[in-house]
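*Asks:*
Numbering (my numbering), first residue to last: 1 to 312.
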């Protein structure tokens with residue numbers, strides 16, 4: 001996309017020098033007015049009025065910029081550049097300017113309810129850092145009035161202008177977050193254990209979110225410095241059910257590990273008894289021993305030993 005922002009190349013003078021000159025003109029106009037009254041000469045009156053008018057015009061050319069601010073300069077409606085020099089200056093008084101802030105701003109979006117890839121409702125929120133990068137796009141390629149909430153009018157002061165941009169960023173962030181969240185499942189399932197999810201995605205999900213935000217906000221000349229998901233949970237209506245599912249999955253995984261270990265221990269016991277010729281067991285006795293050992297190793301309660309004093 002073409003960058004239409006340009007630096008202001010018009011006449012720029014030191015503001016303090018012009019201030020002293022303008023004060024001198026004002027004093028001169030007053031002196032001429034006094035002479036007009038004293039000598040009752042209309043020539044002094046005309047000169048005083050001309051100097052006053054010239055001084056009033058010069059007063060309109062003073063601008064002051066702090067670090068991290070910019071002024072968009074227009075000459076009778078035509079964009080002539082963006083002024084970014086810090087300090088106190090005087091420019092063409094027939095131009096009009098609008099001040100914008102180029103400083104980084106933070107947006108902590110409230111969690112919203114979206115459906116993940118599997119249709120489960122989840123609550124997801126984000127925090128992002130953004131700033132204005134292209135002042136031309138910010139002012140001339142989007143309608144700032146449509147960005148205001150409750151149909152309020154956007155003023156010309158920097159506070160109201162930046163509030164309108166923040167509203168625009170909030171709306172587009174909501175849309176981008178819904179788009180990214182809908183592409184992935186919240187968590188792993190048995191059939192999708194290898195797929196990336198919102199919980200396991202980490203930096204990859206954040207990078208995709210930042211990319212989508214930059215694509216949406218570029219039209220307004222806004223750059224996303226950083227975007228991260230800062231809240232992720234199941235929606236309240238299914239949170240309890242999903243918690244039970246997670247608990248059941250954890251229990252099954254633990255049981256599988258226990259059974260795996262018990263089987264290896266039983267096999268080791270039978271191999272050791274046979275290798276060291278301690279006792280010879282037929283298939284029925286082996287099956288009974290295996291059953292007893294599995295009950296002891298896999299049971300949650302402590303086993304109660306039974307002493308067999310008869311034949312094995």
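We put the CB at the ideal spot given by N, CA and C, even for glycine.
#1: Which two residues bound the contiguous alpha helix (DSSP H) that contains residue 89?
#2: Please report the distance separating the alpha-carbon of residue 40 from that of residue 29.
#3: Taking the beta strand (DSSP E) that residue 101 falls in, what are its first and last residues?
#4: Compute the Euclidean distance between the alpha carbons of residue 123 and residue 186, then round it to the nearest angstrom.
#5: Evaluate residue 137 with the Cβ neighbour count: other Cβ atoms within 10 Å of its Cβ, from every protein chain shown; 16 or more gives buried, anything less gives exposed.
#6: Taking the Cβ atom as the reference point for each residue, do residue 99 and residue 69 lie within a distance shorter than 9 Å?
#7: Exposed or buried, residue 46, counting other C-beta atoms within 10 Å across all chains shown (16 or more means buried)?
#8: Which of helix, strand or coil does DSSP assign to residue 173?
#9: Among all the DSSP beta bridges, which residues are the ones paired with residue 115?
#10: Exposed or buried, what is residue 257 when buried is set at 16 or more other beta-carbons lying within 10 Å of its beta-carbon?
#11: Taking the alpha carbon of residue 7 as the reference point, which residue from 62, 287 and 71 has its own alpha carbon closest?
#12: Go ahead and pull the three-state DSSP assignment for residue 234.
#13: Say whether the region 8–16 touches the region 82–101, bearing in mind that this needs 3 or more beta-carbon pairs closer than 8 Å, one atom from each stretch.
*Replies:* Let's see:
#1: Judged by DSSP secondary structure, residue 89 falls outside any alpha helix (DSSP H) and instead within the beta strand (DSSP E) spanning 87–91.
#2: When rounded, the distance between both Cα atoms is 16 Å.
#3: Its beta strand (DSSP E) spans residues 95–101.
#4: Between the C-alpha atoms of residue 123 and residue 186 there is a straight-line separation of about 10 Å.
#5: Answer is buried; the Cβ neighbour count reaches 16.
#6: Taking 9 Å as the Cβ cut-off, residue 99 and residue 69 qualify as a contacting pair.
#7: Residue 46 is classed as exposed because its beta carbon has fewer than 16 other beta carbons within 10 Å across all chains shown.
#8: The three-state reading of DSSP puts residue 173 in helix, counting H, G and I together.
#9: Within the DSSP bridge table, the entry for residue 115 names 121 as partners.
#10: It counts as exposed.
#11: Selected option, being the one with the closest Cα: 71.
#12: DSSP, reduced to helix, strand and coil, places residue 234 within a strand of the structure shown.
#13: A contact exists between the region 8–16 and the region 82–101.
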